[in-house]
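Heads up, the thing below is written out as structure tokens.
Protein chains: 2
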Amino acid sequence: MTTARPKPRAGAPKSGHNHRACIATALAAAEKLCAARGEQLTALRRRVLELVWAGHKPVGAYQILDILRGDGRSAAPPTVYRALDFLLAQGLVHRVESLNAFIGCPHPGETHATQFLICSRCGTAVELDDAGIDKAIDGTAARMGFVIAARTVEISGTCAECRGR
Amino acid sequence: MTTARPKPRAGAPKSGHNHRACIATALAAAEKLCAARGEQLTALRRRVLELVWAGHKPVGAYQILDILRGDGRSAAPPTVYRALDFLLAQGLVHRVESLNAFIGCPHPGETHATQFLICSRCGTAVELDDAGIDKAIDGTAARMGFVIAARTVEISGTCAECRGR
DNA sequence: GGAACGGCGTTATAGTATAACATACATGAC
DNA sequence: GTCATGTATGTTATACTATAACGCCGTTCC
Ligand SMILES: [Zn+2]
Ligand SMILES: [Zn+2]
Ligand SMILES: [Zn+2]
Ligand SMILES: [Zn+2]
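Quick note, the sequences are listed as chains A and B, same order. Read the first sequence against numbering that gives the first Met the number 0 and you will find it ends at 164, with the numbers running on by one and no gaps. Read the second sequence against numbering that gives the first Met the number 0 and you will find it ends at 164, with the numbers running on by one and no gaps.
In structure tokens form, the structure reads like this:
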């Protein structure tokens, strides 16, 4: 029962937004995607995805682990890393290399470019889908005879909201 | 006594190149830069820089540590991390986030864009200085009202040489 | 039933990075 | 001269991140 609303493809989350809706949308999309692929979004995996979506800030594996333990559930590092590996493989979350942390993908199942703007003041990371940046990278890589397998584009700085203050 | 030769700003190192020259050039440039800035390129820092330049592959802090210990020198993790922190602050090395490793900068002291093409087959990382990529990122960040402080652009894939095989 | 598989529990360990305190030495003030 | 200061390094301990290896359990398929 998700409300129909346009997905922000590169919008910063409004500070006053209803984040429950973000979570609900993400979980519903994950259920749908896994069902379509014949993959099992188990209770554990679903819970980990929910925790990754706790906010719009990248979350560390051990933060997730602490919360799982708080749930009363038995959990150890492999518990959370295995769930994260699954979610990464399904494209439901991304890994933020420069923070050793994970964040939910706002448009899983769709082909998209992936860049992050990471605010070092408030911790928010916004996923961009900027084809122009990828294109610039493609061109240079091609000129070097380099075949791209994966891209990491993570820009840190100060977001508009924090700058306003 | 460095040989005068053009610095490759974005060229992959030739497989048969004289790497001793790369190291010598890098060390000479570091000496010069530190002298100009009144910073101390101590024997330890110089040695760590030399080790980072052992090849054109990013090097892990604990690899460096092992070699330092092999030197007969007393060394612990802070030994190498402090040296690396200094070299990073001086712009003599870069950190490769996606590998948790470090690589020498081929043109320290010059303002430059920094992107890496990382071959997952041979491990070589080439530093690019592509203003076009940075420009694409600048434009998008500006549109989002985001003020950039640092950029991480790391592309992994297969280099031309490995692809040829 | 039994083999094969996937998901998860559990224990141990590997790999990366920093905190905190001690020592050594150079420089400049007095 | 010696005292205070600052910087580099030594040393010990610990925190943080990630994976290896083994075992259990439930489902599916024969
Ligand atoms: Zn995404
Ligand atoms: Zn912010
Ligand atoms: Zn550089
Ligand atoms: Zn290669």
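Built from N, CA and C at the ideal position, the CB exists for glycine as well.
Beta strand (DSSP E) segment containing V47/A, residue limits: Taken as a continuous stretch (DSSP letters only), V47/A belongs to no beta strand (DSSP E), being part of the alpha helix (DSSP H) at A42 to V51.
Short Cβ contact (8 Å threshold) for A159/A with G144/B: yes
Runs of beta strand (DSSP E) wholly within the segment 52-138 of chain B (minimum 3 residues, chain order): 92-95, 100-103, 114-118 and 124-127
G37/B, DSSP secondary structure in three states: coil
E153/B: CB within 7 Å of a non-hydrogen atom of ligand 4: no
L64/A versus L86/A - alpha carbon distance: 15 Å
beta-carbon E126/B near ligand 3 non-hydrogen atom, thresh 7 Å: yes
DSSP three-state assignment for A11/A, whether helix, strand or coil: coil
Touch test, the segment 88-99 of chain B against the segment 120-138 of chain A, Cβ-Cβ under 8 Å, three pairs minimum: no
I132/B beta carbon less than 8 Å from that of I117/A: no
7 Å Cβ cut-off: residues of chain A touching I147/B: I154 and G156
Alpha helix (DSSP H) segment containing G163/B, residue limits: A159 to G163
Segment contact flag, the segment 32-45 of chain B with the segment 53-62 of chain B, C-beta cutoff 8 Å, min 3 pairs: no
The segment 12-29 of chain A touching the segment 47-56 of chain A, judged by at least three CB pairs closer than 8 Å: yes
C104/A CB to nearest heavy atom of ligand 3 below 7 Å: no
Backbone CA spacing between R142/A and P12/B [nearest angstrom]: 15 Å
Spatial distance of L32/B from D129/B (CA atoms): 23 Å
6 Å CB neighbourhood of I147/B in its chain, flanking five on each side removed: A140
8 Å Cβ cutoff, T2/B in contact with chain A: Confidence in T2/B is poor, its pLDDT being 46 and thus under 50, which makes the residue's placement too unreliable to answer from.
Within-8 Å CB hit, R164/B to chain A: no
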